[in-house]
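Number of protein chains: 2
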Amino acid sequence: MSRRPVSETEASTERRTKRTRITPVPAGRRLPSDERVGQIVAAAIDYFAEVGLEGNTRDLAQRIGITQPLLYKYFPSKEDLVDAVYGELFVNRWRAEWNHWLGDPATDPGWNLADRLFDFYSSYAAYVFRYDWSRLFMFNLLADRDAKSAHDFMQLVQDRIIDKICEGVRATHGLPPPAHVPLTDREREIAWALHGGLFYLTARRDIYDLTLHAEPDDILRAAIDRFLAGVPSALSKAIG
Amino acid sequence: MSRRPVSETEASTERRTKRTRITPVPAGRRLPSDERVGQIVAAAIDYFAEVGLEGNTRDLAQRIGITQPLLYKYFPSKEDLVDAVYGELFVNRWRAEWNHWLGDPATDPGWNLADRLFDFYSSYAAYVFRYDWSRLFMFNLLADRDAKSAHDFMQLVQDRIIDKICEGVRATHGLPPPAHVPLTDREREIAWALHGGLFYLTARRDIYDLTLHAEPDDILRAAIDRFLAGVPSALSKAIG
DNA sequence: ATGCTAAGTTATCAACTGATAAATAAGGAG
DNA sequence: CTCCTTATTTATCAGTTGATAACTTAGCAT
């Protein structure tokens, strides 16, 4: 409950002490626009992740410690703010190094597929499969279909993750690379099952609010083991 | 999201057309209360599944072809209506025969675990893993944490499905039944992975709005195959 | 200092939403 | 047909929300 109106005595004391604020709260301070924008987006991620996209601008402003109309100085509408939130989450959170980790397995033969997958998903979980992300991801998916591009994002996941995993599986089993023989949908289905299972794991923790009954690393390792164990039979049916 | 003032003419036109029923429902027709309640709940499932729980009561009423205050004759508040929706979906949609299908494997030895799982999830998908259900399930999970139903429902899933699957796995591998040796959390984790993967499959179709690249039955069969293939190694680690 | 630019606030609007009370009318019972 | 129960509508309120305009003031440049 940080009240915006400053009390009479507080204000006068402040004026006497030159311009230096005694209050350690930076809330009253003015910020350069880019800094304020960053602060607003960060707070919006937290807020909308918690309450959903129908959360109101007044509560959000109060959390930041500013007045509600100030939001409209930086974002023409609430929708624009929400777009900024998703831009930050869905675009900026991809780490460049992941491209290499899931990339061509031949570049580092000593690094096998199981370890690659473990390393990738460990890191991916730390950056992406998180409370704010997974909740806002779901909110986005469930929102109006015309509004935002959940479709685009899933395509991004398929390009960057699913197809790369398939490529690794091909290489591990001595099969021709996707560049020579295109990936089939049934192959992708196998990788989607792994990815989906791991997302579901996060969802159970962050959305379903259930306690996981083992260490995340152990669960991850086990999931990858099951995936790799199930690959050969699935692969024979998928490729024939 | 845009809530800008509507022009005079625009508003008046809108309001005037309110009288004309878009829905060809016989105007003035009265229904007995129980029938009307059923109609409202059914429409509410459709409506809230489509637009989310923040959908308003006026639009819902218009879809049914009744006035908004009439909803309040049968449901004291919107929350009560939403509760009725979830009661219908989460409680009434459970088929009694499923208890037998996933029950004690000894009752019908000729019916192996793979087929039992296939039959169950085929049926379960037809009744539960559907558009309206999966979307409302997610809306519920994402809603206020204090809302009880999500947690209760997940417990129900664990009792009725997860633990039964584990029981079947135990029996198939000649291990003692849960009644003698209690299930471990790590065992449940394996079954959750199967269940989660299949839910994710539905979610991809109904929520993510993606096309599945194979026949549902084939995908289901493949998922169960992978699950059963991965069980032994996972089991050895889980039980040791 | 002085003044200008932009950050921030106050006040307020108009539409929307859940909910209530009073009026109306359908349709079965007698 | 008349009456009476109750399903249904009309009218309306009070609180909420996105958004705008006008005013205020911090802080840098000159």
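Chains as they are written, first to last, in my numbering: chain A, 11 to 250; chain B, 11 to 250.
Where a beta carbon is used, it is the ideal one built from N, C-alpha and C, also for glycine.
Proximal chain B residues relative to residue i, where beta-carbon distance stays under 9 Å
{"i": "Phe128/A", "result": "Within chain B, no residue comes near Phe128/A; the closest Cβ sits about 15 Å away, beyond 9 Å."}
{"i": "Arg236/A", "result": "Ile200, Ala203, Arg236, Phe237, Ala239, Gly240, Val241, Ser243 and Ala244"}
Under 9 Å from the C-beta of residue i: neighbouring residues of chain A
{"i": "Asp69/B", "result": "Within 9 Å Cβ-Cβ: nothing; Asp69/B doesn't reach chain A, min ~14 Å."}
{"i": "Leu151/B", "result": "Met148, Ala213, Ile217, Tyr218 and Asp219"}
{"i": "Ile229/B", "result": "Arg196, Glu199 and Ala203"}
{"i": "Tyr131/B", "result": "The premise fails here: Tyr131/B is roughly 14 Å from chain A at the closest Cβ pair, so nothing lies under 9 Å."}
{"i": "Ala232/B", "result": "Arg196, Glu199, Ile200, Ala203, Gly240, Ser243, Ala244, Lys247 and Ala248"}
{"i": "Gly120/B", "result": "Within chain A, no residue comes near Gly120/B; the closest Cβ sits about 24 Å away, beyond 9 Å."}
Partner residues on chain B for residue i, Cβ-Cβ distance less than 7 Å
{"i": "Glu223/A", "result": "Correcting the residue type first, residue 223/A is His in the shown sequence and not Glu. Under the 7 Å cutoff, chain B gives Asp195, Arg196, Arg198 and Glu199."}
{"i": "Phe85/A", "result": "Near Phe85/A there are no residues of chain B at all, since even the closest Cβ is about 12 Å away, more than 7 Å."}
For residue j and residue i, believed in contact at Cβ under 8 Å, the rounded distance
{"i": "Glu292/A", "j": "Val51/A", "result": "Residue 292/A lies beyond the stretch modelled for chain A, which goes from 11 to 250, so this question has no answer here."}
{"i": "Leu64/A", "j": "Glu64/B", "result": "Reading off the sequence, residue 64/A comes out as Glu, not Leu. About 5 Å separates the two Cβ atoms, so the contact holds."}
{"i": "Thr212/A", "j": "Ser144/A", "result": "5 Å"}
{"i": "Ala163/B", "j": "Phe100/B", "result": "According to the sequence as given, residue 163/B is Phe; it is not Ala. With 8 Å as the limit, Phe163/B and Phe100/B qualify as a contact, their Cβ atoms being about 5 Å apart."}
{"i": "Lys88/B", "j": "Thr117/B", "result": "At roughly 45 Å, the Cβ-Cβ gap does not stay under 8 Å, so Lys88/B and Thr117/B are not in contact."}
{"i": "His161/B", "j": "Asp219/A", "result": "7 Å"}
Rounded C-alpha distance that separates residue i from residue j
{"i": "Ile32/B", "j": "Gly75/B", "result": "With a pLDDT of only 32 at Ile32/B, under the threshold of 50, the placement of this residue in the model should not be trusted, and no figure is reported."}
{"i": "Ile55/A", "j": "Ile217/A", "result": "15 Å"}
{"i": "Ala3/B", "j": "Asp235/A", "result": "In the structure as shown, chain B starts at 11 and stops at 250, and residue 3/B therefore has no counterpart that could be examined."}
{"i": "Phe58/A", "j": "Tyr210/A", "result": "21 Å"}
{"i": "Ala135/B", "j": "Ala203/B", "result": "16 Å"}
{"i": "Glu60/A", "j": "Tyr141/A", "result": "9 Å"}
{"i": "Lys83/A", "j": "Glu45/A", "result": "13 Å"}
{"i": "Ser246/B", "j": "Asp129/A", "result": "24 Å"}
{"i": "Asp114/B", "j": "Pro188/B", "result": "11 Å"}
{"i": "Gly48/A", "j": "Ala71/A", "result": "14 Å"}
{"i": "Ser201/A", "j": "Ala201/B", "result": "Ser is not the amino acid found at residue 201/A; the sequence shown has Ala there. Looking at the two C-alpha atoms, the distance is approximately 18 Å."}
{"i": "Arg215/A", "j": "Gly207/B", "result": "15 Å"}
{"i": "Ala244/A", "j": "Pro42/B", "result": "55 Å"}
{"i": "Pro119/A", "j": "Leu127/A", "result": "14 Å"}
{"i": "Ala153/A", "j": "His190/B", "result": "47 Å"}
{"i": "Val92/B", "j": "Arg103/B", "result": "16 Å"}
{"i": "Val241/B", "j": "Asp90/B", "result": "43 Å"}
{"i": "Asp195/B", "j": "Ala233/B", "result": "21 Å"}
{"i": "Val95/A", "j": "Arg39/B", "result": "48 Å"}
{"i": "Arg73/A", "j": "Leu80/A", "result": "13 Å"}
{"i": "Phe147/A", "j": "Leu166/A", "result": "14 Å"}
{"i": "Arg170/B", "j": "Gly62/A", "result": "31 Å"}
{"i": "Ala53/A", "j": "Thr77/B", "result": "40 Å"}
{"i": "Asp149/A", "j": "Phe85/B", "result": "The residue asked about is misnamed: residue 149/A is Phe in this sequence, not Asp. Looking at the two C-alpha atoms, the distance is approximately 27 Å."}
{"i": "Leu222/B", "j": "Leu193/A", "result": "15 Å"}
{"i": "Gln168/A", "j": "Leu151/A", "result": "16 Å"}
{"i": "Ala106/B", "j": "Arg180/B", "result": "23 Å"}
{"i": "Glu199/A", "j": "Glu199/B", "result": "21 Å"}
{"i": "Asp69/B", "j": "Asp69/A", "result": "26 Å"}
Interface partners of residue i on chain A, CB under 7 Å
{"i": "Arg145/B", "result": "Leu152"}
{"i": "Glu64/B", "result": "Glu64"}
{"i": "Gly178/B", "result": "The premise fails here: Gly178/B is roughly 17 Å from chain A at the closest Cβ pair, so nothing lies under 7 Å."}
{"i": "His190/B", "result": "Going along chain A, no residue has its Cβ under 7 Å from His190/B, so there is no contact; the nearest lies around 21 Å."}
{"i": "Gly184/B", "result": "Those within 7 Å of Gly184/B in chain A number zero; the least Cβ separation is about 20 Å."}
{"i": "Gly75/B", "result": "Correct list: empty, because the minimum Cβ distance to chain A is about 24 Å."}
Closer than 8 Å at the beta carbon, the chain A residues around residue i
{"i": "Phe139/B", "result": "In chain order: nothing, as chain A lies at least about 13 Å away."}
{"i": "Gly48/B", "result": "What Gly48/B touches in chain A: nothing, since even the nearest Cβ is about 26 Å away."}
Partners in chain B for residue i, counting only beta-carbon separations shorter than 8 Å
{"i": "Phe209/A", "result": "Tyr210"}
{"i": "Gly97/A", "result": "Ordered by position in chain B, no residue passes the 8 Å Cβ test against Gly97/A, which lies about 17 Å from the chain."}
{"i": "Gly113/A", "result": "Here the premise fails: no neighbours, minimum Cβ distance about 24 Å."}
> Is the region 176-187 of chain A close to the region 96-111 of chain A, with three or more CB pairs under 8 Å?
Replying inline: no
Are the region 160-180 of chain A and the region 115-133 of chain A in contact at 8 Å, needing three or more beta carbon pairs? yes
- Task: Would you list, in sequence order, the uninterrupted alpha helix (DSSP H) runs of no fewer than 4 residues that lie entirely inside the region 117-202 of chain B?
- Result: 123-137, 141-152, 159-167 and 173-182
- Could you give the uninterrupted runs of the alpha helix (DSSP H) lying entirely in the region 214-249 of chain B, keeping only those of 4 residues or more? 226-249
Item to complete: Report yes or no: do three or more beta-carbon pairs, one from the region 221-231 of chain B and one from the region 222-230 of chain A, lie closer than 8 Å?
Response: no
Uninterrupted alpha helix (DSSP H) stretches inside the region 62-90 of chain B (no shorter than 4 residues)
Listed in chain order, they are 67-74 and 78-84.
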